[in-house]
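A short write-up of the structure that comes next.
2 protein chains.
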Amino acid sequence: MAHTTSAHQIADLFAERAKNLAPPTYGTELTKIVSVSFTYGLADPTLFPHADLADASAAVLAQEAAIALNYGPPSAQLYEQIILRLQAQGIAADRDRVLLGYGSGQILGLLPDVFIEPGDVVIVEGPTFLGVVARFVHAGARLITIPVDELGMDVDALEETLSDLKKQGIRPRFIYTIPTFHNPTGTTMPLFRRQKLVALAAEYGVLVVEDDAYKDLRFQGEAVPSLASLDQEGWVFYVSTFSKIIAPGVRLGWACGDPAIIERLAMFKSEGPVGPFVSHVVGRYCATGKLDAHIQKLITCYQHKCNLLLEAIAAEFPSDIVALQPDGGFFVWCKLPQNISAKALLTACAEHGVSFLPGTRCYANGQGDDAMRLAFSFQPNDKIVEGIATLGRVLRQWQR
Amino acid sequence: MAHTTSAHQIADLFAERAKNLAPPTYGTELTKIVSVSFTYGLADPTLFPHADLADASAAVLAQEAAIALNYGPPSAQLYEQIILRLQAQGIAADRDRVLLGYGSGQILGLLPDVFIEPGDVVIVEGPTFLGVVARFVHAGARLITIPVDELGMDVDALEETLSDLKKQGIRPRFIYTIPTFHNPTGTTMPLFRRQKLVALAAEYGVLVVEDDAYKDLRFQGEAVPSLASLDQEGWVFYVSTFSKIIAPGVRLGWACGDPAIIERLAMFKSEGPVGPFVSHVVGRYCATGKLDAHIQKLITCYQHKCNLLLEAIAAEFPSDIVALQPDGGFFVWCKLPQNISAKALLTACAEHGVSFLPGTRCYANGQGDDAMRLAFSFQPNDKIVEGIATLGRVLRQWQR
Numbered sequence: 000m001a002h003t004t005s006a007h008q009i010a011d012l013f014a015e016r017a018k019n020l021a022p023p024t025y026g027t028e029l030t031k032i033v034s035v036s037f038t039y040g041l042a043d044p045t046l047f048p049h050a051d052l053a054d055a056s057a058a059v060l061a062q063e064a065a066i067a068l069n070y071g072p073p074s075a076q077l078y079e080q081i082i083l084r085l086q087a088q089g090i091a092a093d094r095d096r097v098l099l100g101y102g103s104g105q106i107l108g109l110l111p112d113v114f115i116e117p118g119d120v121v122i123v124e125g126p127t128f129l130g131v132v133a134r135f136v137h138a139g140a141r142l143i144t145i146p147v148d149e150l151g152m153d154v155d156a157l158e159e160t161l162s163d164l165k166k167q168g169i170r171p172r173f174i175y176t177i178p179t180f181h182n183p184t185g186t187t188m189p190l191f192r193r194q195k196l197v198a199l200a201a202e203y204g205v206l207v208v209e210d211d212a213y214k215d216l217r218f219q220g221e222a223v224p225s226l227a228s229l230d231q232e233g234w235v236f237y238v239s240t241f242s243k244i245i246a247p248g249v250r251l252g253w254a255c256g257d258p259a260i261i262e263r264l265a266m267f268k269s270e271g272p273v274g275p276f277v278s279h280v281v282g283r284y285c286a287t288g289k290l291d292a293h294i295q296k297l298i299t300c301y302q303h304k305c306n307l308l309l310e311a312i313a314a315e316f317p318s319d320i321v322a323l324q325p326d327g328g329f330f331v332w333c334k335l336p337q338n339i340s341a342k343a344l345l346t347a348c349a350e351h352g353v354s355f356l357p358g359t360r361c362y363a364n365g366q367g368d369d370a371m372r373l374a375f376s377f378q379p380n381d382k383i384v385e386g387i388a389t390l391g392r393v394l395r396q397w398q399r
Numbered sequence: 000m001a002h003t004t005s006a007h008q009i010a011d012l013f014a015e016r017a018k019n020l021a022p023p024t025y026g027t028e029l030t031k032i033v034s035v036s037f038t039y040g041l042a043d044p045t046l047f048p049h050a051d052l053a054d055a056s057a058a059v060l061a062q063e064a065a066i067a068l069n070y071g072p073p074s075a076q077l078y079e080q081i082i083l084r085l086q087a088q089g090i091a092a093d094r095d096r097v098l099l100g101y102g103s104g105q106i107l108g109l110l111p112d113v114f115i116e117p118g119d120v121v122i123v124e125g126p127t128f129l130g131v132v133a134r135f136v137h138a139g140a141r142l143i144t145i146p147v148d149e150l151g152m153d154v155d156a157l158e159e160t161l162s163d164l165k166k167q168g169i170r171p172r173f174i175y176t177i178p179t180f181h182n183p184t185g186t187t188m189p190l191f192r193r194q195k196l197v198a199l200a201a202e203y204g205v206l207v208v209e210d211d212a213y214k215d216l217r218f219q220g221e222a223v224p225s226l227a228s229l230d231q232e233g234w235v236f237y238v239s240t241f242s243k244i245i246a247p248g249v250r251l252g253w254a255c256g257d258p259a260i261i262e263r264l265a266m267f268k269s270e271g272p273v274g275p276f277v278s279h280v281v282g283r284y285c286a287t288g289k290l291d292a293h294i295q296k297l298i299t300c301y302q303h304k305c306n307l308l309l310e311a312i313a314a315e316f317p318s319d320i321v322a323l324q325p326d327g328g329f330f331v332w333c334k335l336p337q338n339i340s341a342k343a344l345l346t347a348c349a350e351h352g353v354s355f356l357p358g359t360r361c362y363a364n365g366q367g368d369d370a371m372r373l374a375f376s377f378q379p380n381d382k383i384v385e386g387i388a389t390l391g392r393v394l395r396q397w398q399r
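So the sequences go chain by chain: A and B.
Start counting the first sequence at 0; every next residue gets the next number (numbering that gives the first Met the number 0).
Start counting the second sequence at 0; every next residue gets the next number (numbering that gives the first Met the number 0).
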């Protein structure tokens, strides 16, 4: 049926922006059969609180079906639970300052609608989470990359950049940062840098977008206050998610920030508020009070996996490969010696059934062939050990 | 916290498109306390298959949690069920031709991304479902309204318009139509008009967007083939939803059409595919085979409500008010005599606790103050009778 006898073609009707679209490359996997993938930060599927979510679903459908299954706003209980969690972190949160989305990625992806006109400057970290940054590029943002070191974003370099831009009359729209258990490096920005970052935001009038997806998964060390909790003047826009602490498949994230931003994002979220059913189920689960104990269980399991990965790396990798030890989160970042290309290494490893994310897929400026991200979250314990042993063999052969 | 001591304001950072946004007016309710609302096409909350959805949720969470709760595509079972339902209607459907969305509204709302550049012509019905049409306007479409009569869209008027536009060198992007149990008029386009509409689409190279949200809810008469099933050349893009036959709160709709359109819509659906959890639950429910029996139950109940409404109108309304009898769906459209303004009538009725949708909110061209839409779907039987009695009293007083 799809071939037409008409003189016209459907493709003639496409708007310019829709004519030549390349499929998104983020999320595609190698075509080789991979038996141990360290590529994606998928949650460990054995850790989902499925029985408690089943109880919550049953209760919602038995007692609240009339509201949870009709048109309407998301669950008020879910809003309340999220607001309580934000307030417990010292973040000023109320209903007007909170937006729910189908994952935090949806909300981050809507930021360009509110803030970016073609050519506007957006500041990102290098390396960073390109899945989100690609959306800023798509909207025409001109990216400036600030390096990340072992203490997160280099805020001195940021200050220099902001000052230079100001001299050119350029005011960036926002700074996108993942200060805690950074994706991909796993690093956490210490308090003094956070304070300086928040002060710079106010001084230069630039929004800071704080992506805090991993913060509950702290294995060791003291919690560091979020940027949003340090912000007294409303320049921090905070985003987080249930994907890492409940389940990605419920597709629920949230933002907290200036009501004028929240209101605008809600308008550009054109399909309307998140679904009543799923928000009622997750709201009900959170209200049981079981989430914090569940997070403790996750921490124990993910910490164990992280340690297994780091011990295997210490045993199997050549000593000139430097693995950064994270205090939490899903990722270990490895810096490769000069003679190893991450992209070439990935091709070689794929032949042996192991994959990782090459650093090139974490930089918006073309850097990164000297590093790789290993996600330890998804693989079972034995596969972590097996995968690193294989990777180690490939690396040792490589260097001969 | 929201007041800033900085010399800068967050509002300075907003893109032009986000600076002066009016909150959406569609969906706002009268501020008066309304005891009987005929305004919105909400589903009857007593008819949701909550027990079967609870069974499906329990089964998904017990047996498929690892997939349904992680990142990933929507349920393959749901795709399969939707494709089977489309094929049973005679529509060419396969995985490449189907897109799932958070309600059909999300998919319809994405059409402008693929098709509309400012000034492009889009053809809509008058009256129509403005909730969707507002999105076309927002994208800069120039709307042309084709009148709807008792047989749906006047396709002779459409032909004349297409011919006139062609003489001006203008090729409309698409024609948005609700041919079956039309919102708001309840009318159904007969086969001869459908055949002509599909032929015109191919002749003029214009896409037909067929919104088929209500088609399963037929009370009487023979089913008429969908436009998509008549289309041999790929000019019909079909959209439907589970909102009317399962529950709006699951937020699941679908589209079926040319793979080049599906592929592009998926790319502009920037938060990614619909959620694994909710799609698994609904897929599992559909696969039980219980949906068709459930739809029969819905038909019986909605038909009864429709009859109650029509009988009450016949008994209570002045005889110069003409109510169109629908063969299915959620709505009865009433044409008012010349001396009655729907907007003024709504104000008077609200004083007595009854509301409806004035025709002005169903036309993109300013018409409609001579009509009202009564949704019988949401109110319980006794409220329907009570509401129409009140409306009748107001109307009779008005005409004195």
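We put the CB at the ideal spot given by N, CA and C, even for glycine.
CA nearest to the CA of residue i, picked from the options
{"i": "B/S278", "options": "B/L77, B/L323, B/I66, B/P44", "result": "B/L77"}
{"i": "B/L142", "options": "B/L60, B/E124, B/T240", "result": "B/E124"}
{"i": "A/A227", "options": "A/L190, A/V249, A/S242", "result": "A/L190"}
{"i": "A/L373", "options": "A/G365, A/N338, A/Q366, A/I320", "result": "A/I320"}
{"i": "B/L20", "options": "A/H303, A/I82, A/I260", "result": "A/I260"}
{"i": "B/G89", "options": "B/L344, B/Q398, B/D230, B/R250", "result": "B/D230"}
{"i": "B/Q219", "options": "B/T186, B/G102, B/Y39", "result": "B/T186"}
{"i": "A/K268", "options": "B/K195, B/I106, B/H181", "result": "B/I106"}
{"i": "A/L264", "options": "B/A17, B/I9, B/L12", "result": "B/A17"}
{"i": "A/Y301", "options": "A/Y213, A/R192, A/V120", "result": "A/Y213"}
{"i": "B/A64", "options": "A/A61, A/A65, A/A75, A/L46", "result": "A/L46"}
{"i": "B/G233", "options": "B/D11, B/V205, B/V136, B/Q62", "result": "B/V205"}
{"i": "B/D11", "options": "A/P72, A/I81, A/A42, A/I169", "result": "A/I169"}
{"i": "A/M188", "options": "A/P178, A/A314, A/N182, A/K166", "result": "A/P178"}
{"i": "A/V197", "options": "A/G118, A/L83, A/V97, A/E158", "result": "A/E158"}
Residue i - containing beta strand (DSSP E), residue span
{"i": "B/V238", "result": "235-240"}
{"i": "A/F330", "result": "330-334"}
{"i": "B/F173", "result": "173-176"}
{"i": "A/I169", "result": "Segment: none, A/I169 is in no beta strand (DSSP E) and carries neither H nor E."}
{"i": "A/M371", "result": "370-374"}
{"i": "B/E124", "result": "120-125"}
Short Cβ contact (8 Å threshold) for residue i with residue j
{"i": "A/A363", "j": "A/L335", "result": "no"}
{"i": "B/A14", "j": "A/I115", "result": "yes"}
{"i": "A/V33", "j": "A/S354", "result": "yes"}
{"i": "A/Y237", "j": "A/D211", "result": "yes"}
{"i": "B/V235", "j": "B/L199", "result": "no"}
{"i": "B/V281", "j": "B/F241", "result": "yes"}
{"i": "A/A138", "j": "A/P111", "result": "yes"}
{"i": "B/G130", "j": "B/R250", "result": "no"}
Span of the alpha helix (DSSP H), counted from its first residue to its last, around residue i
{"i": "B/G130", "result": "129-137"}
{"i": "A/T346", "result": "341-350"}
{"i": "B/E149", "result": "No alpha helix (DSSP H) holds B/E149; DSSP gives it neither H nor E."}
{"i": "A/E202", "result": "190-203"}
{"i": "A/G282", "result": "275-286"}
Rounded separation between residue i and residue j - CA only
{"i": "B/G151", "j": "A/S225", "result": "57 Å"}
{"i": "B/E262", "j": "B/L307", "result": "45 Å"}
{"i": "A/P317", "j": "A/L85", "result": "43 Å"}
{"i": "A/A57", "j": "A/I339", "result": "53 Å"}
{"i": "B/L68", "j": "B/A6", "result": "46 Å"}
{"i": "A/D93", "j": "A/V207", "result": "19 Å"}
{"i": "B/P272", "j": "B/G386", "result": "42 Å"}
{"i": "B/F173", "j": "B/G365", "result": "21 Å"}
{"i": "A/A55", "j": "B/G248", "result": "16 Å"}
{"i": "A/Q8", "j": "B/E202", "result": "11 Å"}
Bridge partner(s) assigned by DSSP for residue i
{"i": "A/A100", "result": "Reading off the sequence, residue 100 of chain A comes out as Gly, not Ala. For A/G100, which the question treats as bridged, DSSP gives the partners A/G252."}
{"i": "B/D210", "result": "B/V238"}
{"i": "A/I320", "result": "None, per the DSSP bridge assignment."}
Near the ligand ATP: residue i beta-carbon under 7 Å from a heavy atom
{"i": "B/T240", "result": "For the structure depicted, the ligand ATP is absent and the ligand set is empty, with no information on it obtainable."}
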